[in-house]
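First residue of the sequence shown? That's 4 in our numbering, and the numbers climb one at a time after it. The structure appears below as structure tokens.
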Amino acid sequence: MTTVRHGTKVPARWWLLVCGLTLLAGCSQEPLTAADPHADMPVPTRASHSSFSTSHASGIEVPFRVELEAQVPAELNDVLAFYRAELGKRGWQEKAEGATVAADRARLVFASPKGPGTLTLDRAKGETTIDLVQRNTEVAAKANFLPASGQARLIFGYLVPDVASLAINDEVIEIAGGVNHPQMLDLPPGTYAYTLLVSGRRVRTDSITVAAGETWGLRLDDGDRKSDRIY
């Protein structure tokens, strides 16, 4: 005995619609390419947003830090593959130390021709956000921003011409007023509580976490941002 199973008949026009949607989906998955193949910090052509920022030391034209922030409607793995290929073409060498790759977040560490580089990717709201940073070792050394080997460096100053001091790591450091009097302190990696005193009165208590080779600007004025990663 032969059993015949009857399926639902689909009108021809629906098959055309299904096929058209399939082709459209295939077209949207084209590999990412660089909008400018010669740019030091590549941006994918399908990026919905991108912006660059640079940090300069006083009197030095070349930036010691360049950062690219962008968003692209592509899967994280595709963006990760794009940057591994494009940065490799530019002489960036990926390092295993400090690298993490997960389904919704990735962080890669590089040695670039100008200095340390980091790539951070996050997946949110159907897009992958990109944060690419390159630090220029030569310029940072010229600006005296590099910490001692195995240490982290804090750079700070006090903008109000009062008598101020910073208590940190069992030290009390007198702070000169004005933007032209930055002070520097090298510390082992770790988390440090600190207290700012003005005319002997405590005005701020907070903490900061630093890693070896990093330089942070510690803001001691009344701004909302209390620290900035410089290098």
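Where a beta carbon is used, it is the ideal one built from N, C-alpha and C, also for glycine.
Backbone secondary structure at residue i - three-state DSSP
| i | result |
| --- | --- |
| V142 | helix |
| K92 | helix |
| D81 | helix |
| Y86 | helix |
| F67 | coil |
| E100 | strand |
| A60 | coil |
| H52 | strand |
| S230 | strand |
| D209 | strand |
| L111 | strand |
| L135 | strand |
| E217 | coil |
| A106 | coil |
Cα-Cα separation, residue i to residue j
| i | j | result |
| --- | --- | --- |
| R205 | S168 | 10 Å |
| T121 | N172 | 29 Å |
| P150 | R126 | 33 Å |
| A3 | N80 | The chain is shown only over 4 to 234; residue 3 falls outside these bounds and no answer can be derived. |
| S210 | K229 | 9 Å |
| F113 | F55 | 19 Å |
| E72 | A214 | 23 Å |
| T25 | D107 | In this predicted model, T25 has a pLDDT of only 37, less than 50, meaning its place in the structure is not dependable; the value taken from the coordinates is given anyway. In a straight line, the C-alpha of T25 is about 26 Å away from that of D107. |
| I133 | N139 | 20 Å |
| S202 | V163 | 11 Å |
Sub-7 Å separation of residue i and residue j beta-carbons
| i | j | result |
| --- | --- | --- |
| T198 | T212 | no |
| V75 | R49 | yes |
| G216 | D231 | no |
| E89 | P45 | yes |
| L188 | L157 | yes |
| Y234 | F159 | no |
| L200 | Y161 | no |
| R110 | T123 | yes |
| A146 | A37 | no |
Residue range of the unbroken beta strand (DSSP E) whose run includes residue i
| i | result |
| --- | --- |
| F159 | A155 to G160 |
| D189 | Q186 to L190 |
| S168 | A167 to I171 |
| T123 | P119 to A127 |
| L223 | L223 -> no beta strand (DSSP E), and no H or E assigned at all. |
| G193 | G193 to V201 |
| E174 | E174 to I178 |
Neighbour flag for residue i against chain D, beta carbons, 7 Å
| i | result |
| --- | --- |
| E78 | The displayed structure is made up of one protein chain only, and chain D is not part of it. |
Check: residue i C-beta below 6 Å from any heavy atom of the ligand COA
| i | result |
| --- | --- |
| Q186 | Looking at this structure, you won't find the ligand COA or any other ligand, since it has none at all. |
Q) If you pair each beta-carbon of the segment 190-199 with each one of the segment 89-100, do three or more pairs fall below 8 Å? A) no
### Message
When you compare the segment 51-64 with the segment 82-89, are there three or more beta-carbon pairs, one atom per stretch, that lie closer than 8 Å?
### Response
no
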